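Residue numbers 1128 to 1651, in my numbering, belong to the letters of the sequence shown in order. In what follows, a structure is listed as C-alpha cells, so that the remarks can point back to it.
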Amino acid sequence: MLPSLYFLLAIARLYFATLPSYIHPDEHFQGPEVIIGEHIVHKNTRASLIINDIAGHVFGWPAYKTWEFTSDNPIRSVFPLWLVYAPPLTLLKWIFEGLGHDVSPMAVFYVLRTLMVLLSFVLEDWAIHELIPKKRERSLALFLVTSSYVTWTFQAHTFSNSIETIVVLWSLVLMARIRDNSNRTQARACAALAFLGVFGVFNRITFPAFIVVAGVDLIPSLFLKPARIPAMLIAGVLTTVVAIMVDTEYYTGSRIKFLHPFQSAIFTPWNNVAYNLDNANLAKHGLHPFWQHFVANLPQLIGPAFPLLFTHCRRNRLFWSGVAGIAVLSCFQHQEPRFLLPAVPLFLATVRLPKAFPRVWIFIWVAFNSLAAVLFGIYHQAGVIPVQKWIEHQPDVSNVLWWKTYSPPRWILGNKNNYITTTDLMGGPGGDMIDAVGASIICPPRSADNNTLNKTLLVAPSSAAYLDAYANSTNKPVTLTPLYTYRQHIGLDDLDFGDDGVWPTLERVVGKRGLTVYQASKKC
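Here is the structure:
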C-alpha cells in the first residue's frame, strides 16, 4: 500500500477517535466506568487501598457499576482493565497533579480514545504485517483493514472486543513464530503466548474460539522442543494466579486464603461461562437464531467483502480461525455484531479482489465504509458525552433523567456524581416518563442563591415528537423548557417504522436530529 494512502487512513482513524460517538453502553460500563470510579464496597479497608493502587479507581470519582460487577458471582474481570487502562490514566493523573491541576473527565475520555487508536495502529497493523508474508497480499490486507469503518470506530472505542481483536492477532503471530522456528526453544515467545492466552480469557471468554485452529496446528511444534511446554505452563499459571488475586481483592476486599483457595477465590471466567450457558440469563439480553452472526452480523461489519469470502478468498489458517470463532459464538443465543470484531481482520486479510471490475468493487467498499463511519463514528448517540460534559458545568442541578438514549456514562460527570442523581428511563412509555420527571421536580422551588441544588433536567432526542406538547406549555402537569441542544446526534432507538412508516420516521429522526436538555418544572 502506498505510504501516502496509509498515512491518510491513519489520520481518518485518529479523526474518528476524537469524536464523541457512542456505539454501545459496554464501551463505558465494562471499562472506564469501572477503572476510574471509586468502589464503595471496599471503603475503609486495607484491601481497598491495595485495589486503588493496582486495579484502578485512579481518580476516585463516584461511578456506576453494572450487575456484571456487583452480583454475587461477578462475571467480569478487572485484571485486563488494570493492565490496559490504569497505566496511561495514572500517568495522566501524575502529569496534571505536577502541573497543579485536577484532571477533567474529558481529558480522560480523549486519552482513552488515543490509547485505543495507538493500540490498533501499532499492534493490529504490525500483526497483519507478520501474518501475511507476501507483499502484494499484505498490501491489500492492510488497505482493507485500515479502510474499514470497524477499524475507524469500534477499534477506537474502549470495547473489550477491541482488546480481544489485538490479543487474537498477536496470539496468532506468536504461534506462527514458534511453529515456523523448529531449531530454537523460543522460551520468551512461549511465555508471551501463555500470558496472552490467560489475559485473553480473563478479558473475554470467547477468545479461545478464535485461536483454536492455530492452537491445534501448534501442538506438534511443542513436542519437537519439549522445553517449550514448561515455559508456557509456568507463565500461564503465574498469570492466572495474579489475575485471580486481583479479582478476589477487588470483589471481596481480602486476599486469597491459600488454605481454602476454592472457597475464597473469585474466578470470573468460570462465572461468565456458567452465566452464558443458562439461556434464561441470555434471554434477559435478547435471544437470536443460530444463524444471526453468519447471515446478519458479519455482513454488517464487512459489507462488500462478505460475498468474496465464498468466491475470492484464501482458505488459510486466518480464514478458518475466523470461521471457527463465529461457529463457536453462534452456539450462544445472544449475538451482537461487536462480538465478531476479532473475525474482521482475519477475514479481510484473506480476501482477494474480484477479477471482474476490481475498481468498481473498491468504489463500493469505500462508499460502504464511508457511510457506516459517518453513522457510527459521527452521529450514533453522539450527543450523550457532550451533554454530560455540559451538565457537569451546571451549578444547580439535582436530578437528570434520560429518555430514549443509551445509558449515560456517569464517570463523565466526575465529582458531580456526588450531587447529581442520574436516572436512566431507557425507552419507556411517554406517560411513565412524564410521571417520573414530575416526581423528581423539587417543589416548592428553592433559590440557587442558597447553594441549593434544585434543577430537574430531562435529556431526550430532539426527534421525540411526544415532547412537543410539553415544550413551553402552561396547561400540562410538567413544563419542559429547552436549555441546550447538541445537534450532531442520531439515536436509532427512536425509530418507529411500525406506527409512523419508513420515510416519515427517517425524516423525523434524521431531519430533527439532536439531543436536547430540558429544564422540567411544574406548578406547586
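All residues carry an ideal CB built from backbone N, CA and C; glycine is no exception. Every value quoted in this text rests on a predicted model; they were computed, and no experiment measured them.
If we count the other Cβ atoms within 10 Å of its Cβ and call it buried at 16 or more, is residue i buried or exposed?
i: residue 1252; result: buried
i: residue 1148; result: buried
i: residue 1644; result: buried
i: residue 1589; result: buried
i: residue 1420; result: buried
i: residue 1412; result: exposed
i: residue 1275; result: buried
i: residue 1227; result: exposed
i: residue 1232; result: buried
i: residue 1170; result: In this predicted model, residue 1170 has a pLDDT of only 33, less than 50, meaning its place in the structure is not dependable; the value taken from the coordinates is given anyway. That one is exposed.
i: residue 1487; result: exposed
i: residue 1160; result: buried
i: residue 1531; result: buried
i: residue 1655; result: Because residue 1655 is not part of the residues shown, which for the chain are 1128 to 1651, the question remains open.
i: residue 1167; result: At residue 1167 the pLDDT is 37, less than 50, meaning the model places this residue with poor confidence; the figure from the coordinates comes in the next sentence. That one is exposed.
i: residue 1464; result: buried
i: residue 1136; result: buried
I need the straight-line Cα distance from residue i to residue j, nearest angstrom please.
i: residue 1547; j: residue 1472; result: 42 Å
i: residue 1459; j: residue 1403; result: 7 Å
i: residue 1367; j: residue 1270; result: 37 Å
i: residue 1237; j: residue 1145; result: 7 Å
i: residue 1646; j: residue 1247; result: 41 Å
i: residue 1379; j: residue 1196; result: 11 Å
i: residue 1406; j: residue 1399; result: 13 Å
i: residue 1354; j: residue 1255; result: 28 Å
i: residue 1570; j: residue 1650; result: 8 Å
i: residue 1545; j: residue 1391; result: 33 Å
i: residue 1151; j: residue 1260; result: 36 Å
i: residue 1347; j: residue 1302; result: 12 Å
i: residue 1193; j: residue 1587; result: 22 Å
i: residue 1176; j: residue 1277; result: Confidence at residue 1176 is low in this model, with a pLDDT of 31, below 50, so the placement of that residue should be treated as unreliable; the coordinate-derived value is given next. The alpha-carbon atoms of residue 1176 and residue 1277 are separated by roughly 38 Å.
i: residue 1186; j: residue 1437; result: 50 Å
i: residue 1637; j: residue 1618; result: 9 Å
i: residue 1288; j: residue 1591; result: 32 Å
i: residue 1342; j: residue 1328; result: 14 Å
i: residue 1143; j: residue 1631; result: 29 Å
i: residue 1307; j: residue 1430; result: 34 Å
i: residue 1483; j: residue 1529; result: 51 Å
i: residue 1163; j: residue 1395; result: 20 Å
i: residue 1280; j: residue 1500; result: 7 Å
i: residue 1552; j: residue 1317; result: 49 Å
i: residue 1230; j: residue 1223; result: 6 Å
i: residue 1134; j: residue 1244; result: 14 Å
i: residue 1182; j: residue 1325; result: Model confidence at residue 1182 stands at a pLDDT of 31, short of 50, so the residue's coordinates are unreliable; what they give is reported in the following sentence. Their Cα atoms are separated by approximately 17 Å.
i: residue 1376; j: residue 1292; result: 28 Å
DSSP three-state call for residue i: helix, strand or coil?
i: residue 1405; result: coil
i: residue 1220; result: helix
i: residue 1530; result: coil
i: residue 1142; result: helix
i: residue 1368; result: helix
i: residue 1582; result: strand
i: residue 1182; result: With a pLDDT of 31 at residue 1182, under the threshold of 50, the predicted position of this residue should be treated as unreliable, and no value is reported.
i: residue 1188; result: strand
i: residue 1617; result: strand
i: residue 1230; result: coil
i: residue 1608; result: strand
i: residue 1173; result: Reliability of the predicted coordinates at residue 1173 is poor, the pLDDT of 31 falling under 50, and the value obtained from them is presented with this limitation in mind. Residue 1173 falls in the helix class under three-state DSSP.
i: residue 1551; result: strand
i: residue 1471; result: helix
i: residue 1439; result: coil
i: residue 1680; result: This structure gives no information on residue 1680, because the portion of the chain shown stretches from 1128 to 1651.
i: residue 1274; result: coil
i: residue 1348; result: helix
i: residue 1316; result: helix
i: residue 1391; result: helix
i: residue 1454; result: helix
i: residue 1266; result: helix
i: residue 1256; result: helix
i: residue 1137; result: helix
Tell me residue i's beta-bridge partners as DSSP assigns them.
i: residue 1588; result: 1642
i: residue 1524; result: 1582
i: residue 1478; result: 1440
i: residue 1598; result: 1607
Tell me, please, whether the CB atom of residue i is closer than 8 Å to any CB atom in chain B?
i: residue 1616; result: In the structure shown, chain B does not exist; there is a single protein chain.
Problem - Touching by the beta-carbon criterion (3+ pairs, under 8 Å), the segment 1439-1450 and the segment 1472-1483 - result: Because the criterion of three Cβ pairs below 8 Å is met, the segment 1439-1450 and the segment 1472-1483 touch.
Handout entry: Touch test, the segment 1316-1323 against the segment 1355-1374, Cβ-Cβ under 8 Å, three pairs minimum
Key = Touching, yes.
Practice task
Answer yes if the segment 1254-1273 comes into contact with the segment 1447-1455, meaning at least three C-beta pairs across the two stretches below 8 Å, and no otherwise.
Solution key: Result no; under three Cβ-Cβ pairs closer than 8 Å.
Problem - Stretch pair the segment 1198-1211 + the segment 1499-1516: three plus CB contacts closer than 8 Å - result: No, they do not touch.
Exercise for the section: Check whether the segment 1333-1351 touches the segment 1291-1304, taking contact to mean three or more Cβ pairs, one atom from each stretch, closer than 8 Å. Expected result: With contact defined as three or more Cβ pairs closer than 8 Å, the segment 1333-1351 and the segment 1291-1304 are in contact.
Handout entry: the segment 1518-1536 / the segment 1486-1501 touching (three or more Cβ pairs under 8 Å)
Key = No, the segment 1518-1536 is not in contact with the segment 1486-1501.
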